[in-house]
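In what follows, a structure is listed as structure tokens, so that the remarks can point back to it.
There are 2 protein chains.
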Amino acid sequence: MNSIPFLSDDAIPGGFLFSAARAGLKASGRTDFAGIVADKGTSAAAMFTANRIIAAPLIVDKIHLSRTAGHVRVVAINAGNANCATGEAGLAAARRVCGAVAATFGCHEYEVFPASTGIIGVPLPAEKLIAALPQLQSSLGRSAEHLYQLALAIMTTDTREKVSATTLEIAGKTVRILAVGKGSGMIHPQLVPHATMLVYVLTDAQVEPAALLGFLQSAVNVSFNRISVDGDTSTNDTVLLLASGSSGAGIDSASAPAFQQALTQVCTSLAKQIVADGEGITHVVELEIEGAPSDADAIKVAKAIAHSPLVKTAWAGCDPNWGRLLSATGASGVAIDPAKINLWFGELEICRNGERSPFYDEAKAHEYLKQREYRIRMSLGVGTGSCRFWTTDLTTEYVRINADYST
Amino acid sequence: MNSIPFLSDDAIPGGFLFSAARAGLKASGRTDFAGIVADKGTSAAAMFTANRIIAAPLIVDKIHLSRTAGHVRVVAINAGNANCATGEAGLAAARRVCGAVAATFGCHEYEVFPASTGIIGVPLPAEKLIAALPQLQSSLGRSAEHLYQLALAIMTTDTREKVSATTLEIAGKTVRILAVGKGSGMIHPQLVPHATMLVYVLTDAQVEPAALLGFLQSAVNVSFNRISVDGDTSTNDTVLLLASGSSGAGIDSASAPAFQQALTQVCTSLAKQIVADGEGITHVVELEIEGAPSDADAIKVAKAIAHSPLVKTAWAGCDPNWGRLLSATGASGVAIDPAKINLWFGELEICRNGERSPFYDEAKAHEYLKQREYRIRMSLGVGTGSCRFWTTDLTTEYVRINADYST
Chain A
1 MNSIPFLSDD
11 AIPGGFLFSA
21 ARAGLKASGR
31 TDFAGIVADK
41 GTSAAAMFTA
51 NRIIAAPLIV
61 DKIHLSRTAG
71 HVRVVAINAG
81 NANCATGEAG
91 LAAARRVCGA
101 VAATFGCHEY
111 EVFPASTGII
121 GVPLPAEKLI
131 AALPQLQSSL
141 GRSAEHLYQL
151 ALAIMTTDTR
161 EKVSATTLEI
171 AGKTVRILAV
181 GKGSGMIHPQ
191 LVPHATMLVY
201 VLTDAQVEPA
211 ALLGFLQSAV
221 NVSFNRISVD
231 GDTSTNDTVL
241 LLASGSSGAG
251 IDSASAPAFQ
261 QALTQVCTSL
271 AKQIVADGEG
281 ITHVVELEIE
291 GAPSDADAIK
301 VAKAIAHSPL
311 VKTAWAGCDP
321 NWGRLLSATG
331 ASGVAIDPAK
341 INLWFGELEI
351 CRNGERSPFY
361 DEAKAHEYLK
371 QREYRIRMSL
381 GVGTGSCRFW
391 TTDLTTEYVR
401 INADYST
Chain B
1 MNSIPFLSDD
11 AIPGGFLFSA
21 ARAGLKASGR
31 TDFAGIVADK
41 GTSAAAMFTA
51 NRIIAAPLIV
61 DKIHLSRTAG
71 HVRVVAINAG
81 NANCATGEAG
91 LAAARRVCGA
101 VAATFGCHEY
111 EVFPASTGII
121 GVPLPAEKLI
131 AALPQLQSSL
141 GRSAEHLYQL
151 ALAIMTTDTR
161 EKVSATTLEI
171 AGKTVRILAV
181 GKGSGMIHPQ
191 LVPHATMLVY
201 VLTDAQVEPA
211 ALLGFLQSAV
221 NVSFNRISVD
231 GDTSTNDTVL
241 LLASGSSGAG
251 IDSASAPAFQ
261 QALTQVCTSL
271 AKQIVADGEG
281 ITHVVELEIE
291 GAPSDADAIK
301 VAKAIAHSPL
311 VKTAWAGCDP
321 NWGRLLSATG
331 ASGVAIDPAK
341 INLWFGELEI
351 CRNGERSPFY
361 DEAKAHEYLK
371 QREYRIRMSL
381 GVGTGSCRFW
391 TTDLTTEYVR
401 INADYST
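Listed in order, the protein sequences are those of chains A and B. Position one of the first sequence corresponds to residue 1 (this note's numbering), numbered consecutively onward. Position one of the second sequence corresponds to residue 1 (this note's numbering), numbered consecutively onward.
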């Protein structure tokens with residue numbers, strides 16, 4: 001079996017079981033239905049896409065989380081169909097699956113948290129998922145291998161599984177935090193509390209749902225909400241944080257900063273894995289914007305750069321055409337002063353005071369951009385706003401993946 | 001010679017001379033410097049990019065137009081270098097060229113309207129342009145062939161020249177309107193009065209500068225401001241309207257609607273030519289958005305669709321993946337109601353009330369999308385706002401053109 005090399009069974013938070021099954025939604029015949037079963041009493045907090053068109057399972061999730069005041073027993077995730085733009089029939093299908101999951105795993109229907117990812121606008125074949133439930137139940141287990149099988153089952157155009165984990169000590173007890181997720185295209189999550197990226201963060205810390213949401217928001221705002229592959233915000237993006245409490249360690253004001261830091265680190269690692277596996281990408285770019293009028297403005301500039309096809313294609317060609325970054329910045333809507341912009345590729349000064357740096361060396365800049373991962377820093381010189389943002393290039397392979405249509 | 005087949009000398013507005021020269025800015029060695037010489041007393045109105053980083057010639061143009069209160073004698077256009085992000089040296093270079101142009105053609109420096117298009121951030125070699133001025137002067141002429149040579153000289157990644165023309169009768173006199181322009185990539189003009197698209201609209205009607213700007217704004221807002229190839233708003237976009245008055249026909253309140261209509265038609269034709277020659281494109285899509293909360297919201301939805309890489313790549317593959325259009329609409333920020341969205345590809349009903357239409361026929365939809373030009377109509381059902389917008393697909397060829405970098 002292909003276990004995740006760096007993850008031992010010790011890294012898996014207590015209180016959770018994992019499984020994967022074949023429901024027949026993926027044309028490839030691969031596993032496409034996965035479950036997380038949580039101990040009774042597990043706290044839950046979730047954030048969903050800001051897209052105004054949201055998939056049926058997200059509508060159900062919001063109702064269920066509100067009904068249970070933040071508790072989840074079973075997460076049921078299918079890949080291969082987004083169950084979005086499917087109308088009342090889509091909602092009914094999601095509810096039928098929840099009912100059957102509840103019957104299989106012995107919980108209330110509203111303790112089920114359904115999730116879907118795949119094509120939009122195609123009716124969800126609920127009966128296929130329901131028929132695969134015995135398989136899902138019989139394959140349950142708490143090992144790293146079980147988690148790995150879940151990570152594979154939820155993939156769509158992803159080329160590899162995405163998992164990150166850490167542990168910390170709180171009051172002499174070991175607390176584990178682990179995130180598992182998927183996402184490769186339609187990646188520009190804009191998560192709000194109450195994105196086709198699906199992320200499940202699990203911990204065995206003991207945290208009430210309201211506090212859990214606070215921790216989640218702080219972590220998501222500087223991780224998943226700071227990445228973009230193609231600027232397309234999905235109808236299905238979801239990040240769910242579950243806290244089983246099985247470590248016996250509660251989080252108080254003394255331990256909260258350490259817990260927050262560990263959670264943010266796990267989320268940031270997973271967010272970067274999603275960008276690094278973006279559809280067709282050949283470069284991962286860390287943007288550092290500073291000196292903006294505000295943090296919100298810095299994010300606006302980062303997104304203008306990250307979403308410019310001309311910038312992204314230049315990156316694909318390792319082309320140090322920095323004028324495209326300036327043009328995108330000028331078109332961002334942020335009140336910049338062109339004569340105050342400085343730009344660096346790593347340590348190489350590229351642009352000073354809005355024009356070509358006297359130290360600009362095209363050959364060196366080109367060489368720098370040949371790396372798979374690199375850093376671009378822009379200083380706007382007009383304020384103290386800043387941000388860090390992760391994005392990718394735009395390649396012919398991205399176009400091929402998404403233009404591929406054969407009838 | 002390769003004259004523009006549909007354009008006779010009769011279509012050329014009176015009062016203008018055209019020329020083209022080789023200044024050595026294009027690596028290809030093609031003509032790259034062009035001039036329009038206008039009769040004394042020619043009125044001018046211009047609109048420029050909304051990008052906050054603007055090229056040096058646009059700064060000079062604004063000063064000159066203000067100084068002359070809307071009069072232009074010579075338009076001097078170079079391709080191959082945008083003279084943007086070039087600092088004080090770039091401004092000085094633009095001014096040196098203007099001075100030499102004024103001396104060559106016998107006008108005031110501030111009656112010169114410079115323009116540049118090409119790479120950003122590279123110093124403009126003013127001396128090359130100045131050395132080519134005798135060539136520019138000796139090639140002047142008023143024929144359709146001279147105009148054609150100008151249209152070729154200002155091209156960058158364009159694959160063909162762009163010209164549109166019409167005539168109308170006003171008070172028994174023939175008024176000619178003609179537009180010539182260039183643009184292929186970095187095309188998402190956001191023109192405001194006072195975009196690497198350059199457009200020159202010429203007429204021999206007699207109109208004062210202030211009135212001319214009114215006509216221009218009305219025409220631009222529904223033509224050049226309604227197109228996008230890649231969503232990148234340039235630092236150099238410029239539309240200049242010149243009225244020589246040589247027809248002897250003034251525009252009064254009775255003839256204004258007809259003049260406006262003819263002007264808008266010429267601008268719309270040229271705007272569509274720019275889209276149809278977008279970098280690497282294989283499909284031109286006319287979007288009709290209706291039932292939006294407001295016209296501004298309709299434009300917001302059109303742009304969200306036109307700028308979604310997933311929508312654009314689906315179009316490249318003739319893929320009727322309409323869920324991507326819905327997702328882009330939901331992420332547009334406009335207050336839509338998912339259950340009220342209807343969608344048609346031409347006459348084919350694709351989506352009704354936010355879900356797959358009962359008449360949806362994937363094979364027919366795929367067939368429809370194989371056409372080079374087609375129409376997509378979306379009804380949002382929440383208001384009376386509407387717009388028409390022209391855009392393109394995103395192909396591997398676009399990526400190749402813009403990622404091509406060889407050291």
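All residues carry an ideal CB built from backbone N, CA and C; glycine is no exception.
Through-space distance from residue j to residue i, alpha-carbon basis
i	j	result
A/Arg141	A/Leu150	Looking at the sequence shown, residue 141 of chain A is not Arg but Gly. Spanning the two alpha carbons is a distance of roughly 11 Å.
B/Ala195	B/Ser228	The predicted model places B/Ala195 with a pLDDT of 43, which falls under 50 and marks its position as unreliable; any figure quoted below should be read in that light. Looking at the two C-alpha atoms, the distance is approximately 12 Å.
B/Gln371	B/Glu347	14 Å
B/Asp295	A/Ser332	22 Å
B/Gly330	B/His307	13 Å
A/Asn51	B/Ala335	10 Å
B/Phe389	B/Ala298	10 Å
B/Leu202	B/Tyr360	47 Å
B/Met25	B/Pro123	Note on identity: in this sequence residue 25 of chain B is Leu, with Met being the wrong assignment. Approximately 11 Å between the Cα atoms of the pair.
B/Leu58	A/Lys364	32 Å
B/Glu286	A/Asn225	33 Å
B/Tyr368	B/Ile289	19 Å
A/Cys98	B/Ala292	36 Å
A/Gly381	B/Ala11	51 Å
B/Val74	A/Asp237	55 Å
B/Asp158	B/Ala258	32 Å
A/Gln273	A/Glu373	12 Å
B/Ala56	A/Ala314	23 Å
Below-8 Å beta-carbon distance, residue i vs any chain B residue
i	result
A/Asp232	yes
A/Met378	no
A/Trp344	no
A/Thr407	Summary for A/Thr407: the model assigns pLDDT 42, below 50, so the residue's position carries little reliability; its value from the coordinates is reported in the next sentence. Closer than 8 Å: yes.
A/Leu124	no
A/Ala195	Its pLDDT being 43, under 50, A/Ala195 is placed unreliably by the model, and nothing is read from it.
Closer than 8 Å to chain A by CB, residue i
i	result
B/Ser116	no
B/Gly278	no
B/Phe389	no
B/Ala34	no
B/Ala302	no
B/Glu349	no
B/Asp404	yes
B/Cys84	yes
Backbone secondary structure at residue i - three-state DSSP
i	result
A/Pro320	coil
B/Arg176	strand
A/His108	coil
B/Thr313	helix
B/Phe359	coil
B/Cys387	strand
B/Leu348	strand
A/Leu7	coil
B/Glu373	strand
A/His71	strand
A/Glu257	Contrary to the premise, residue 257 of chain A reads as Pro rather than Glu in this sequence. The answer is helix: DSSP assigns A/Pro257 an H, G or I state.
B/Lys26	coil
B/Val334	coil
Whether residue i touches residue j by CB criterion (8 Å)
i	j	result
B/Ala171	B/Gln206	no
A/Leu155	A/Lys182	For clarity, residue 155 of chain A is Met in the given sequence; the question names Leu instead. Yes, these two residues count as a Cβ contact at 8 Å.
A/Ile401	A/Gly323	no
B/Leu240	B/Ala76	no
A/Pro309	A/Leu394	yes
Beta-bridge partners of residue i, as assigned by DSSP
i	result
A/Ala45	A/Leu241
A/Phe16	A/Ala38
A/Met378	A/Ile289 and A/Leu343
B/Ser228	B/Thr391
B/Thr235	Answer by DSSP bridge pairing: none, since B/Thr235 is not bridged.
Proximity test, residue i beta-carbon vs the ligand PLP heavy atom, cut-off 7 Å
i	result
B/Thr264	The ligand PLP is not part of this structure, which contains no ligands at all.
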